[in-house]
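Protein chains in written order, with the working numbering: chain A, 8 to 285; chain B, 18 to 274. We treat Cβ as the ideally placed atom computed from N, Cα and C, and that holds for glycine. Note sheet for the following structure.
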């Protein structure tokens, strides 16, 4: 097997505060090939901070340490900010939760996509426009010419998220980190977006890290799932083995969700154990 | 539990219209909810489910139709007695509590408005009922977690002893494990106080868990009304509902290559 695309060993993210240090991520390790990896956890579990640390988007006040944090052989801990910027958007990209906040409200969608492309590649204006339109078509926007000139407030949430994905994929990244990419969307739109992500990831042979709070959704979409609790990975499992989850936290999380057709009153609640957080 | 149609509905809505400027957000919706029943409104964004709830609460511009509570038709302006009968819990516990008021003051305000005496013990009782305890009385919202805030919002709604509770996505801003706790709390309260619930949610699983009957909405109109049992057994007639149900079951990879 070739060297992994991403190699994370003992990653930690700490935030010094007035009342002591908050350890958001405490020793997370995993490797990623060209596959779909899900990171699942509840708020405060460190799932988003893990994704952000890989991309170098952790707040400047925080300390990021790791025994190893390598992307395609490059050490992400020691590279300069300039090198980081060259990686970011070009080879590693990120899709955020809500297109309402993550798109620039005063720039048309087309210009934002073109800007991304021209930051990373030397292409002419007309060539950039052509590629942006092709990308909008690839995310199944029916009328790319029209959407190109629209502003983010003029499109729906699903359309905005397609534009966001188009912008992230236009430079042809090898690794895509999607942080709750569909949580702000309706269920039916959510599935359309996931289908688009799925086919693009497969066709382009990308690695994908899918960060989400939704254990069932993630396991229906990813190959492998990491379950995080209090900054640590408590369980790693193949998505298809979700029903055989061993850790009581994973089991509890699966159990406490209401299911259609199952009459359970009251719902089982999660009894948190101190030793899960160790 | 179904209540026979003979009794007066706790809440009845007839051909309700809501118009924002030129936009018809609600296009003639009708429904009847029996006393002590739990009724769900489901749909995607823009379906009008929240608008319907807000129209009942007097928070949306009604342009036609009628709303009746316990057989009494509501006028354009709601009186104080209405707001004591009908209380609402909002989606976002981070937005619905005044950030510079303590829990004590948040709970005291509805009591003052309705001229209810005996504040001290009512506040303590309300906090106990939602599982927080009086230790939380002098905290500010920013000192509480999302689940604790939603419990405060529920306590604030209950403190004036309403008979109808309007719930607008009460758990969709919460983690799954916290959602389970809040849903259990709501069921407990409904049993103890014999309340009527109207609950809006985008989550079919939550609505079928909590409600006896539900209405599926799309584009400001009813798609169909059905019982939770019918939904669970897939006795559905409308394609829209079938699609919604399928979508809620997670992602299925299209078979190719």
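By the neighbour-count criterion, in which 16 or more other beta carbons inside 10 Å mark a residue as buried, residue 245 of chain A falls on the exposed side.
In the displayed model, residue 171 of chain A falls within a helix according to three-state DSSP. The three-state reading of DSSP puts residue 232 of chain A in strand, counting E and B together. Annotation for residue 67 of chain B: the continuous alpha helix (DSSP H) segment containing it runs 66 to 74. Neighbours of residue 226 of chain B in chain A, taken as residues at a C-beta separation under 9 Å, are given in chain order as 265, 266, 267, 269, 270, 271, 272 and 274. With a contact defined as Cβ atoms closer than 8 Å, residue 47 of chain B and residue 217 of chain B miss out at about 17 Å. In the displayed model, residue 34 of chain B falls within a strand according to three-state DSSP. Between residue 121 of chain B and residue 173 of chain B a beta carbon distance of about 11 Å is seen, past the 8 Å cut, so the two are scored as non-contacting. The shortest CA-to-CA distance from residue 256 of chain B to any of B:244, B:246, B:233 and B:268 is the one to B:233. When rounded, the separation of the alpha-carbon atoms in residue 61 of chain A and residue 264 of chain B is 32 Å. For the stretch 39 to 59 of chain B, the set of residues with a beta-carbon nearer than 9 Å to any beta-carbon of chain A is empty. Following the DSSP letters along the chain, one finds residue 80 of chain B inside the beta strand (DSSP E) bounded by residues 79 to 86. For residue 215 of chain B, the enclosing beta strand (DSSP E) stretches over residues 213 to 218. The CB of residue 267 of chain B comes closer than 7 Å to the CB of 223, 224 and 227 in chain A, given here in chain order. With fewer than 16 other Cβ atoms inside 10 Å of its own Cβ, residue 113 of chain A counts as exposed. The alpha-carbon of residue 201 of chain A is positioned some 13 Å away from that of residue 184 of chain A. The beta-carbon of residue 262 of chain B is placed less than 9 Å from the nearest beta-carbon of chain A.
Non-local beta-carbon contacts of residue 71 of chain A in its own chain, meaning distances under 7 Å to residues more than five positions away in sequence, involve 20, 60 and 65 in chain order.
When rounded, the separation of the alpha-carbon atoms in residue 128 of chain A and residue 166 of chain A is 25 Å. Nearest to residue 34 of chain B by C-alpha distance, out of B:61, B:100, B:65 and B:50, is B:65. Among the CB atoms of chain B, none fall inside 9 Å of the CB of residue 258 of chain A.
For residue 270 of chain B, the residues of chain A that pass the 7 Å Cβ criterion are 205, in the order they occur in the chain.
By the Cβ criterion, the stretch 106 to 120 of chain B is in contact with the stretch 179 to 198 of chain B, since at least three pairs of Cβ atoms, one from each stretch, lie closer than 8 Å. Within the stretch 123 to 148 of chain A, no residue places its CB atom closer than 8 Å to a CB of chain B.
Taking 9 Å as the cut-off, the beta carbon of residue 182 of chain A is found no closer than this to the beta carbon of residue 18 of chain A.
Two segments are said to touch when three or more pairs of C-beta atoms, one from each, lie closer than 8 Å; by this definition the stretch 214 to 229 of chain B does not touch the stretch 141 to 148 of chain B.
Near chain B, meaning a CB-to-CB distance below 9 Å, the residues of the stretch 183 to 216 of chain A are 192, 193, 194, 195, 196, 197, 198, 201, 202, 205, 206 and 209. For residue 165 of chain B, the secondary structure class from DSSP, reduced to helix, strand or coil, is helix. What residue 141 of chain B touches in chain A, judged by beta-carbon distance under 9 Å, is nothing: the nearest beta carbon there is about 24 Å away. Rounded to whole angstroms, the gap between the alpha carbons of residue 87 of chain B and residue 81 of chain B is 20 Å.
Residues of the stretch 46 to 62 of chain A with a C-beta atom less than 8 Å from some C-beta of chain B are 49 and 50, listed in chain order.
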